[in-house]
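As structure tokens, the structure follows; a few thoughts come after it.
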Amino acid sequence: AFATLVAAWRGDPRLGWLFGVAVGLVAALLVLEHVVLARRGKAGLDMAFFTLNGIVSCVLGAAGVADLLM
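Below, the structure is given as structure tokens:
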């Protein structure tokens, strides 16, 4: 997933530094998902896959729209 985001960012000249920052934040959130699951096991599934993925979607969407409008 991360490699695809980087390829999209580098491949589309309309996506600038803001989307790049969002891609970095998404990488950190993906690591956090794995940490939550490693520590909490099944009890962390809701947080890892619903809450954090929702945050990832909002961050990428907002950064992508903002970069396209700039």
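Residue numbers 1318 to 1387, in my numbering, belong to the letters of the sequence shown in order. Even for Gly, the Cβ is constructed at its ideal location relative to N, Cα and C. Only a predicted model underlies this, so the values are computations on that prediction, with no experimental measurement involved.
Checklist entry - Is L1347 closer than 9 Å to F1366 when the C-beta atoms are compared? => result no
Next on the checklist: Quick check for students: name the residue ranges of the alpha helix (DSSP H) that lie wholly in the region 1325-1372, counting only runs of 4 or more.
Outcome noted: 1334-1357
Checklist entry - For L1354, which residues of its own chain have a beta-carbon under 6 Å away from its beta-carbon, when the five flanking residues on both sides are left out? => result G1361 and A1365
Next on the checklist: Are the CB atoms of V1340 and V1323 within a distance shorter than 9 Å?
Outcome noted: yes
Item to check | Helix, strand or coil at A1318 according to DSSP, with G and I counted as helix | outcome: coil
Checklist entry - Hey, L1335 and A1383: beta-carbon distance below 9 Å or not? => result yes
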